[in-house]
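Participant:
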Amino acid sequence: MVANRDVLITEVALRDGSHAIGHQFTVEQIVAVAKGLDEANVPYIEVSHGDGLGGSSLQYGLSKTNEMELIEAAVASVKKAKIAVLLLPGIGTMPELKEAAQLGAKMARIATHVTEADVSPQHISLAKELGMETVGFLMMSHMAPTAKLVEQAKLMESYGADTVYVVDSAGALLPHEVKERIRALKDSLTVNVGFHAHNNLSLAMANTLTAIDEGATRIDGSIRCLGAGAGNTQTEVLVSVLDKLRIQTGIDIYKMMDIAENIVAPILEKPQEITKDSLVLGYAGVYSSFLLHAQKASERFGIDSRDILIELGKRNVVGGQEDMIVDVAAELSGKKTKDLNRV
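Taking my numbering, the leading residue of the sequence shown gets 91, the next gets one more, and so forth.
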């Protein structure tokens, strides 16, 4: 029996949450979480490296387990849910997308910077040819004016995307900014509109509810808030709130609570919370996956991680420029040394 759903939720903890644990998911963890989510009637479960297909590298972080093994395990663990994958053109490749589809992935989320939708047509087209549901994912949406966002969303729609997402990768958007962006896409597109939040300013839930109020019907959540930075909209909380609002998700609330408490919580080394660094991510408008990289650079160069993140924000550094984190830390360290020598 197919549940009635006013909003379709994609659970991203097995992809976005990879950032939070240094991309160390095991097959056993993927199986346990995916199986539980499927039994709770979650319609879509995203599985891949935090930076998408092909993300396992020295620059982005090496995975403990080959992501194709994780995808295959997730597909074998579900009966109803569809497994989704993320691909960032330039990191993931078309052969990897084909392999994921052959393993049983049913949704491809093609992600670009908010002003670079024009790098996505071949990947969206291939996903359609492979019979996959296709999503255009406009990351760092706070970095472009609404008119530019609409322009880029229309490009993704023209390439064949079934859904286009406003993606608040830095957790930097305020509710009125989400309202403006979602309303503009709803007025301009004929395809579904989605929203992906991060909780760095403690606004993930408020922003998500605002997006739904404005007509977004595809929403991302991460169980136990397992995601980059301070995590995403917490799925088990979201489905509970939507149930109180009489917005149907078709997801079993008790089962989600149990999965969060008994399966996902033990995976986390420490609970997801808004720390000083994750707060600065939202304040400075910096890509949430930069958090662990900035902390490592802070230890290496003896520079406050907040100073590194603020400087990255000033330079408008975006996903794919992780090497700049070390460069900025080294530069700040050199400046600090010169200043001390002058004293």
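Beta carbons are placed, not taken as given, at the ideal position from N, Cα and C, and that holds for glycine.
As the structure is a computational prediction, the values presented were derived from the model and not from experiment.
Leaving aside the five residues before and after I214 along the sequence, list all residues of the same chain whose C-beta is less than 6 Å from its C-beta, in chain order.
Facilitator: Your numbering for residue 214 matches position 124 in the sequence shown. Counting only Cβ-Cβ distances below 6 Å, and skipping sequence neighbours, we find I200, T224, Y249, G250 and A251.
Participant: Quick one, which of K170, V418 and L187 has its alpha-carbon nearest L178's?
Facilitator: Numbered from 1 along the sequence shown, position 88 holds the residue referred to as residue 178. Checking every option, the nearest Cα to that of L178 belongs to L187.
Participant: I'd like the ranges of any alpha helix (DSSP H) spanning at least 4 consecutive residues and lying wholly in the region 299-355.
Facilitator: Here the runs fully enclosed are 325-334 and 343-349.
Participant: Return helix, strand or coil for M91, following the three-state DSSP convention.
Facilitator: Mapped onto the sequence shown, residue 91 falls at position 1. With a pLDDT of only 38 at M91, under 50, the local geometry of the prediction cannot be trusted, and the value read off the model is given with reservation. M91 falls in the coil class under three-state DSSP.
Participant: Write down every uninterrupted run of the alpha helix (DSSP H) in the region 241-273 whose length is 4 residues or greater and which is fully enclosed by it, in chain order.
Facilitator: Those alpha helix (DSSP H) runs which fall completely within the region 241-273 and span 4+ residues do not exist here.
Participant: Rounding to the nearest angstrom, what Cα-Cα distance links A190 and L228 in this structure?
Facilitator: Locating residue 190 in the sequence shown gives position 100, counting from the first residue. Locating residue 228 in the sequence shown gives position 138, counting from the first residue. When rounded, the distance between both Cα atoms is 21 Å.
Participant: The alpha helix (DSSP H) with A448 in it runs from where to where?
Facilitator: Because residue 448 is not part of the residues shown, which for the chain are 91 to 433, the question remains open.
Participant: At a cut of 8 Å, does the region 304-323 reach the region 263-279 through at least three beta carbon pairs?
Facilitator: Yes, they touch.
Participant: Could you name the residues of the same chain whose beta carbon sits closer than 8 Å to that of K169, not counting the 5 residues immediately before and after it, in chain order?
Facilitator: What you label residue 169 is simply residue 79 of the sequence shown in a count that begins at 1. Within the same chain, K169 has close Cβ partners D128.
Participant: Okay, do the region 327-336 and the region 374-387 touch, 3+ Cβ pairs below 8 Å being the bar?
Facilitator: Output reads no: the region 374-387 does not touch the region 327-336.
Participant: At the level of alpha carbons, what is the spacing between R271 and E162?
Facilitator: For the purposes of this step, residue 271 is taken as residue 181 along the sequence shown, with counting starting at 1. For the purposes of this step, residue 162 is taken as residue 72 along the sequence shown, with counting starting at 1. Cα-Cα distance, rounded: 36 Å.
Participant: So, with DSSP's three-state summary, where would you put E412?
Facilitator: As a position in the sequence shown, residue 412 is number 322, starting the count at 1. E412: coil per DSSP, three-state reduction.
Participant: DSSP three-state call for N282: helix, strand or coil?
Facilitator: Position 192 of the sequence shown holds residue 282. Reduced to three states, the DSSP call for N282 is strand.
Participant: Using only alpha-carbon positions, find the residue among G126, S146, V123 and H266 that is nearest to T183.
Facilitator: Against the sequence shown, residue 183 aligns to sequence position 93. Ranking the options by Cα distance to T183, first place goes to S146.
Participant: In the DSSP output, what is E223 paired with across the bridge?
Facilitator: Counting from one through the sequence shown, the residue named residue 223 turns up at place 133. Answer by DSSP bridge pairing, in chain order: M197.
Participant: Quick one: what's got a C-beta closer than 7 Å to Q338's C-beta in the same chain, skipping five residues either side?
Facilitator: Here residue 338 is taken as the residue at index 248 of the sequence shown, counted from 1. Excluding residues within five positions, the ones whose Cβ falls inside 7 Å are N94, R95 and D96.
Participant: How many Å lie between M91 and N131 at the Cα?
Facilitator: Locating residue 91 in the sequence shown gives position 1, counting from the first residue. Locating residue 131 in the sequence shown gives position 41, counting from the first residue. Note on M91: pLDDT 38, under 50, position unreliable in the model; the coordinate value appears next. Distance between the alpha carbons of M91 and N131: 10 Å.
Participant: Between L402 and V418, is the Cβ-Cβ spacing less than 7 Å?
Facilitator: As a working mapping, residue 402 is identified with position 312 in the sequence shown. As a working mapping, residue 418 is identified with position 328 in the sequence shown. Yes; because the gap between Cβ atoms is below 7 Å, this pair is in contact.
Participant: Figure out for me which residue from I393, F391, D367 and E206 has the closest Cα to the Cα of L382.
Facilitator: Here the question's residue 382 lines up with position 292 in the sequence shown. Taking only the C-alpha atoms, the option nearest L382 is D367.
Participant: Find out if the Cβ-Cβ distance for the pair L263, H232 is shorter than 7 Å.
Facilitator: As a position in the sequence shown, residue 263 is number 173, starting the count at 1. As a position in the sequence shown, residue 232 is number 142, starting the count at 1. Contact flag set, yes.
Participant: Around the Cβ of R390, are there at least 16 other Cβ atoms within 10 angstroms (buried) or fewer (exposed)?
Facilitator: Position 300 of the sequence shown, counted from the start, is the residue given in the question as residue 390. Exposed is the call here.
Participant: From R105 to I393, what distance separates their C-alpha atoms?
Facilitator: Reading the sequence shown from its first residue, position 15 is the one you call residue 105. Reading the sequence shown from its first residue, position 303 is the one you call residue 393. So the alpha carbons of these two residues sit roughly 30 Å apart.
Participant: What residue from L422, T205 and K172 has the CA that sits closest to L193's CA?
Facilitator: Taking the sequence shown and counting its residues from 1, the one referred to as residue 193 is at position 103. Cα-wise, what sits closest to L193 is K172.
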